[in-house]
Amino acid sequence: MSKFVSLYDARNDLPNLVDRAAAGEEIVIAKNGMPYAKLVPLPNRGGPRKPGDDEKITYIAGEGEAEAGGRAS
């Protein structure tokens, strides 16, 4: 079940609400008594990044840059 909070209360308690959303709770923010926005947890992305994670990234050379094993002209 979602927890409803006013926009005013959300503004004053945002760090706590973000922590609660990260823990799995859905927080609905209401403006003038009507649902306006929702804080929801992000899907688990496997934990924090580790050194070397970016080694999986492939670099794509731009126009005028050297091709693999070659030199730029």
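Numbering (our numbering), first residue to last: 1072 to 1144. Glycine residues also receive a C-beta, built at the ideal position from the N, C-alpha and C atoms. Source: prediction; values computed, not measured.
Inter-residue Cα distance where the pair is residue i and residue j
{"i": "Leu1113", "j": "Glu1126", "result": "25 Å"}
{"i": "Val1076", "j": "Asn1115", "result": "25 Å"}
{"i": "Ala1108", "j": "Ala1081", "result": "11 Å"}
{"i": "Pro1122", "j": "Met1105", "result": "45 Å"}
{"i": "Ile1098", "j": "Glu1134", "result": "47 Å"}
{"i": "Asp1084", "j": "Glu1096", "result": "15 Å"}
{"i": "Val1089", "j": "Pro1119", "result": "18 Å"}
Cβ-based burial, residue i [other Cβ within 10 Å; buried from 16]
{"i": "Leu1078", "result": "exposed"}
{"i": "Ala1094", "result": "exposed"}
Spatially closest choice to residue i from the options, by CA coordinates
{"i": "Leu1148", "options": "Arg1091, Gly1133, Asn1083", "result": "Outside the modelled stretch of the chain, which goes from 1072 to 1144, sits residue 1148, for which no answer is possible."}
{"i": "Ala1101", "options": "Gly1133, Glu1134, Lys1074", "result": "Lys1074"}
| request: Pick out the complete beta strand (DSSP E) segments inside the region 1089-1119, 3 residues or longer, and give them in chain order. | output: For the region 1089-1119, whole beta strand (DSSP E) runs of length 3 or above, ordered along the chain, are 1098-1102, 1105-1110.
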